[in-house]
Amino acid sequence: MRALWLATVFGWAVQAQPSLEIPRYPETTPIRIGDELIIGGERFLISYFTTKDPVSNVAEYFFDKWKQMGLPTMLDGHPEREMIVSAFYTRQGLQASVVLRRRSGKTIGFATIRDFWFQAQADGGADLFFPEEDDVWLHDVESSDAAARIRHRTALIDSRISTAADVVKAWLANRGYALAGEVALGQGGGRQRRLEHTRGERRLVTHLAAIERGVTAVVQTCLGCVDAPDVPQREQTSRRVR
Amino acid sequence: MIPCGFGCVAVLAFGAAGANGSMAAGAISSVDPVAQALIRHMAHGASDAKRGDWISYRTDAGGGRVSFWRLSAVGGEKDALGRDALWIEVELGQHQDLSAPLLQMKMLVAIGEGLGAEGVTRLFVAIGADPPQEISPDQLHTLWRLPPAHAHGPGEEIIRAREEGRLMTHAGTLPAVSIEIYHSGLLIERVWMSHRLPLLGLAKLEIPSIGHAMEVTGFGRDAVPRMNLPDGGDPKIRLDRQTSEETQ
Numbered sequence: 008m009r010a011l012w013l014a015t016v017f018g019w020a021v022q023a024q025p026s027l028e029i030p031r032y033p034e035t036t037p038i039r040i041g042d043e044l045i046i047g048g049e050r051f052l053i054s055y056f057t058t059k060d061p062v063s064n065v066a067e068y069f070f071d072k073w074k075q076m077g078l079p080t081m082l083d084g085h086p087e088r089e090m091i092v093s094a095f096y097t098r099q100g101l102q103a104s105v106v107l108r109r110r111s112g113k114t115i116g117f118a119t120i121r122d123f124w125f126q127a128q129a130d131g132g133a134d135l136f137f138p139e140e141d142d143v144w145l146h147d148v149e150s151s152d153a154a155a156r157i158r159h160r161t162a163l164i165d166s167r168i169s170t171a172a173d174v175v176k177a178w179l180a181n182r183g184y185a186l187a188g189e190v191a192l193g194q195g196g197g198r199q200r201r202l203e204h205t206r207g208e209r210r211l212v213t214h215l216a217a218i219e220r221g222v223t224a225v226v227q228t229c230l231g232c233v234d235a236p237d238v239p240q241r242e243q244t245s246r247r248v249r
Numbered sequence: 111m112i113p114c115g116f117g118c119v120a121v122l123a124f125g126a127a128g129a130n131g132s133m134a135a136g137a138i139s140s141v142d143p144v145a146q147a148l149i150r151h152m153a154h155g156a157s158d159a160k161r162g163d164w165i166s167y168r169t170d171a172g173g174g175r176v177s178f179w180r181l182s183a184v185g186g187e188k189d190a191l192g193r194d195a196l197w198i199e200v201e202l203g204q205h206q207d208l209s210a211p212l213l214q215m216k217m218l219v220a221i222g223e224g225l226g227a228e229g230v231t232r233l234f235v236a237i238g239a240d241p242p243q244e245i246s247p248d249q250l251h252t253l254w255r256l257p258p259a260h261a262h263g264p265g266e267e268i269i270r271a272r273e274e275g276r277l278m279t280h281a282g283t284l285p286a287v288s289i290e291i292y293h294s295g296l297l298i299e300r301v302w303m304s305h306r307l308p309l310l311g312l313a314k315l316e317i318p319s320i321g322h323a324m325e326v327t328g329f330g331r332d333a334v335p336r337m338n339l340p341d342g343g344d345p346k347i348r349l350d351r352q353t354s355e356e357t358q
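Sequence lines, in order, name chains A and B. If you count by the numbering used here, then the first sequence holds residues 8 to 249, one letter each, in order. If you count by the numbering used here, then the second sequence holds residues 111 to 358, one letter each, in order.
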């Protein structure tokens, strides 16, 4: 959109961009995973397919196809077990990849488009628990389709499960959430917990699991936490991915 | 995907061509000699370019190192100094179609000036699949440095021009003048210039001692913009770090 706007303002013609699709392998049916995923702040379009063809044949198909299109293309992995093929649409700022893995006599292919030019807005996730201290690892995933936009946050923190649960409850209480339910899961009830909080139409589920002594995994899923999608940014990717 | 160093070198490579066409030895040393020669021509070239002009080249640096360049004049406007200027796009890639260039640049060049310090007042750069960014205009001067006294070291340089002849190229047979550059008696570079070609006028270039070559593959008058430009609010590339590294 930005390029089109500039083109309008300055009277420049914009060259037609080559058509770009989520990678497809012949004679397979691609299954889309959501409309779009935002992982670690980057936008992905993902689908998967299965085929009886060996990993090396599938990898060779994509490698040759992309090389013939004049794209910088990379190939990595083991030809019998797992391979990754990537191509870069440098004019559009997009990366097309297929991750191929052999399992139960079939090759499973995950095909992705990654948008290098997209940066997720730092909003919509403010309600999710963010460990300011003692966090070992933190990762965000946002998925959306026609029905809903869902935000997931995963964190590993240096804390016992009971302490972590208290911290999460306090965090959400400060943001106006009410505890709607708390369940202890697993043997002895001390290894896992599930918390459910609500605020208006927002519903936030927190799973806590003791990974090892003093380390707890916190997985949060929020329905309704993400604000209305950023239409221009979404269109920007859609314009470059067809 | 592409190391920043490559982009920095590429940007500096273009910037390193001084107004008189000599090369700044430091930054340019890591660019292959054919590219250096092209850049040198660019410092002189494009002075009589017209909107729509384009020209493409194939360079062969030996050992399978083939690359493709395209220069095009895609728009015109007044520059910040009130001069009539052209938007020149430069693309570099590994495939003739340049459908996915490894490097793209777009520069606003004053008409009558070369692609050097005096002529360029704005510069956009896109490296690999990274989003295009503009080099801050107030930092552009740091790209250009004083040329060394002798590009090829001390010694006598002789330039011999021959009468116009016919030259077969990938873009067809062209009328061309052959120019040979000798240094201390050795043939360093052989260049064919053709008045039929837009922008640089460069038809072919050879560096015999290392077997490097470059040749025109196409040209025309119907260029349109191909580079997606950043939003005006996007951050501009600052060169402070690069500059400080160079001075070390």
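Note that the Cβ used here is the ideal one computed from N, Cα and C, for glycine as well. If you're wondering where the values come from, they're calculated on a predicted model, not measured in any experiment.
Problem - Q75 (chain A), enclosing alpha helix (DSSP H) - first and last residue - result: V62 to Q75
Handout entry: Buried or exposed by the 16-neighbour rule on C-beta atoms within 10 Å, applied to A313 (chain B)
Key = buried
Exercise for the section: Give me the Cα-Cα distance between A224 (chain A) and A162 (chain A), rounded to the nearest whole angstrom. Expected result: 6 Å
Practice task
Compare the beta carbon distance of R168 (chain B) and T283 (chain B) with 8 Å and say whether it is the shorter of the two.
Solution key: no
Exercise for the section: Check the Cβ-Cβ distances between S166 (chain B) and every residue of chain A, and say whether any is below 8 Å. Expected result: no
Problem - Contact with chain B by P30 (chain A), beta-carbon distance below 8 Å - result: no
Exercise for the section: Alpha carbon to alpha carbon, how far is G162 (chain B) from R331 (chain B)? Give it in angstroms, no decimals. Expected result: 5 Å
Exercise for the section: Assuming L218 (chain B) and R232 (chain B) form a contact by the criterion Cβ under 8 Å, report the distance between their Cβ atoms to the nearest whole angstrom. Expected result: 4 Å
Handout entry: chain A within 8 Å of P241 (chain B), Cβ atoms only
Key = yes
Problem - Option nearest F123 (chain A) by Cα separation, candidates A:Y184, A:G183, A:E28 and A:A103 - result: A:A103
Problem - Within chain B, partners of L101 (chain A) - CB distance below 8 Å - result: A239
Handout entry: Residues from the segment 203 to 220 of chain B in contact with chain A, defined by Cβ distance under 8 Å
Key = G203, Q204, H205, Q206, D207, L208, S209, A210, P211, L212 and Q214
Problem - Cut-off 6 Å between Cβ atoms - residues of its own chain near I115 (chain A), not counting five sequence neighbours on either side - result: T57 and R108
Handout entry: Proximal chain B residues relative to L78 (chain A), where beta-carbon distance stays under 9 Å
Key = H205, S209 and A210
Practice task
Identify each residue in the segment 104 to 126 of chain A for which the Cβ-Cβ distance to at least one residue of chain B is less than 7 Å, and report them in chain order.
Solution key: F123 and W124
Practice task
Consider the Cβ of N338 (chain B): report whether some Cβ of chain A lies at a distance smaller than 8 Å.
Solution key: yes
Problem - Burial state of A185 (chain A), where buried means 16 or more other Cβ atoms lie within 10 Å - result: exposed
Problem - H322 (chain B) vs G172 (chain B) beta-carbon contact at 8 Å - result: yes
Handout entry: Euclidean distance between Cα positions of I289 (chain B) and G311 (chain B)
Key = 13 Å
Exercise for the section: Note down, in chain order, all residues in the segment 63 to 77 of chain A with a beta-carbon under 7 Å from any beta-carbon belonging to chain B. Expected result: M76 and G77
Practice task
Return the first residue and the last residue of the beta strand (DSSP E) that K216 (chain B) is part of.
Solution key: L213 to A220
Problem - Beta-carbon proximity check, L215 (chain A) vs H204 (chain A), cutoff 8 Å - result: no
Problem - Nonlocal neighbours in the same chain, by C-beta distance under 6 Å from I269 (chain B), ignoring five residues either side - result: I291
Handout entry: Bounding residues of the alpha helix (DSSP H) (the contiguous stretch that carries W197 (chain B))
Key = Per DSSP, W197 (chain B) belongs to no alpha helix (DSSP H); it is in the beta strand (DSSP E), D194 to G203.
Problem - Where I291 (chain B) sits in the DSSP three-state scheme - result: strand
Handout entry: Minimum Cβ-Cβ distance from G117 (chain B) to chain A less than 8 Å
Key = Note on G117 (chain B): pLDDT 35, under 50, position unreliable in the model; the coordinate value appears next. No, G117 (chain B) does not count as interfacial toward chain A.
Problem - Residues near V105 (chain A) in its chain [Cβ-Cβ closer than 6 Å; skip 5 each side] - result: P30, F69, V92, G116 and A118
Exercise for the section: Between the Cα of P241 (chain B) and those of A:L101, A:M81, A:I120 and A:D60, spot the shortest distance and give me the residue it belongs to. Expected result: A:L101
Problem - Nonlocal neighbours in the same chain, by C-beta distance under 8 Å from P340 (chain B), ignoring five residues either side - result: F234, P241, P242, Q243 and E244
Problem - Test: Y55 (chain A) CB closer than 8 Å to a CB of chain B - result: no
Practice task
Look at the alpha carbon of Y32 (chain A) and the alpha carbon of M81 (chain A), and state the distance between them as a whole number of angstroms.
Solution key: 18 Å
Problem - G330 (chain B) CB to nearest heavy atom of the ligand GDP below 7 Å - result: This structure simply doesn't include the ligand GDP, nor any ligand for that matter.
Practice task
Please decide whether F95 (chain A) counts as near chain B, where near means a Cβ-Cβ distance under 8 Å.
Solution key: yes
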